[in-house]
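Q: Quick one: structure below, then a few questions.
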Amino acid sequence: MGRKAVDITTKRTIILLRARGMSQHEISRKLNVSRNCIYQTINKFNKLYTVATKPGAGYRSKLTDRQKRAIKLQQVRDDTLSLNDLICYVQTSFNINVSRRTVSRILHEFDMFSYVAPRKPRINHRQRYSRLQWCYQHLSWAENE
Numbered sequence: 001m002g003r004k005a006v007d008i009t010t011k012r013t014i015i016l017l018r019a020r021g022m023s024q025h026e027i028s029r030k031l032n033v034s035r036n037c038i039y040q041t042i043n044k045f046n047k048l049y050t051v052a053t054k055p056g057a058g059y060r061s062k063l064t065d066r067q068k069r070a071i072k073l074q075q076v077r078d079d080t081l082s083l084n085d086l087i088c089y090v091q092t093s094f095n096i097n098v099s100r101r102t103v104s105r106i107l108h109e110f111d112m113f114s115y116v117a118p119r120k121p122r123i124n125h126r127q128r129y130s131r132l133q134w135c136y137q138h139l140s141w142a143e144n145e
């Protein structure tokens, strides 16, 4: 059986049941949570008087917020950059080794995506000229036309 995260309401229920005098074993059977989790929740509450997860828990980011914004700006300036180009930019500018996944995650934080643009045929001179002529001919048209 793998680990599963226990939500705050369950932890509060553990504390309430323990305050009512139930044993850890009874709480474990009633809530279907491991006895180790019950023990850790009660100890944490006795030490910190809270069951919430401390802020700052987890792995620290390699890049600062400023560096993340710089990566975003680089992508906005030239939207044809690939993830590998952005990785090279980070390595040369900040002297930090990062993975493709890290750069991709940073772009996702800013609701940006890096993808390969689809190949499409270029407009030749004749097509460009004919488009311009059409625009000049229809310049005086109203919106409803």
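Residues in the sequence shown are numbered from 1 upward in steps of one, following full-length UniProt numbering.
For each residue, glycine too, the CB sits at the ideal point set by N, CA and C.
This one's a predicted model, so the numbers in the text were calculated from it and none came from an experiment.
(1) Between which two residues does the alpha helix (DSSP H) carrying ARG29 extend?
(2) For ILE42 versus ILE8, is the C-beta spacing smaller than 9 Å?
(3) Would you mind sorting LYS47 into buried or exposed? The rule is 16 or more other CB atoms within 10 Å of its CB.
(4) What would DSSP say about GLU143, mapped onto helix, strand or coil?
(5) Quick one, are the C-beta atoms of GLY114 and LEU132 less than 9 Å apart?
(6) Would you call VAL103 buried or exposed, if buried means 16 or more other Cβ atoms sit within 10 Å of its Cβ?
(7) Could you check where the alpha helix (DSSP H) with ALA19 kicks off and where it finishes?
(8) Along the alpha helix (DSSP H) that carries ARG69, what are the first and last residues, could you check?
(9) Tell me which residues share the same chain as GLN137 and place their Cβ nearer than 6 Å to its Cβ, disregarding the 5 neighbours each side in the sequence.
(10) Count the other CB atoms, across all protein chains shown, that sit within 10 Å of the CB of LYS11; report buried if there are 16 or more and exposed otherwise.
(11) Taking buried to mean at least 16 other C-beta atoms within 10 Å of its own C-beta, is ILE96 buried or exposed?
(12) Please report the straight-line C-alpha distance between MET1 and LYS30, rounded to a whole angstrom.
(13) With a threshold of 16 other CB atoms inside 10 Å of the CB of VAL76, please say whether the residue is buried or exposed.
(14) Tell me the residue span of the alpha helix (DSSP H) that contains ASP111.
A: A quick look at the data gives this:
(1) ARG29 -> alpha helix (DSSP H) spans 24-31.
(2) No, these two residues do not count as a Cβ contact at 9 Å.
(3) Exposed, by the Cβ-count rule.
(4) Of the three classes helix, strand and coil, the one that applies to GLU143 here is coil, per DSSP.
(5) Correcting the residue type first, residue 114 is Ser in the shown sequence and not Gly. Cβ distance not < 9 Å, so SER114 and LEU132 don't count as in contact.
(6) A buried status is given to VAL103, since no fewer than 16 other beta-carbon atoms sit within 10 Å of its beta-carbon.
(7) Segment 8-19, the alpha helix (DSSP H) holding ALA19.
(8) Its alpha helix (DSSP H) spans residues 65-77.
(9) Closer than 6 Å at the Cβ level, and outside the excluded window around GLN137, lies no residue.
(10) With 16 or more other CB atoms across the displayed protein chains lying within 10 angstroms of its CB, LYS11 is buried.
(11) It counts as exposed.
(12) Bear in mind that a pLDDT of 47 at MET1, under 50, signals an unreliable position, so the number given afterwards is only what the model happens to contain. Those two C-alpha atoms are separated by around 18 Å.
(13) By the neighbour-count rule (16 or more Cβ atoms within 10 Å), VAL76 is not buried but exposed.
(14) Per DSSP, ASP111 belongs to no alpha helix (DSSP H) and is neither H nor E.
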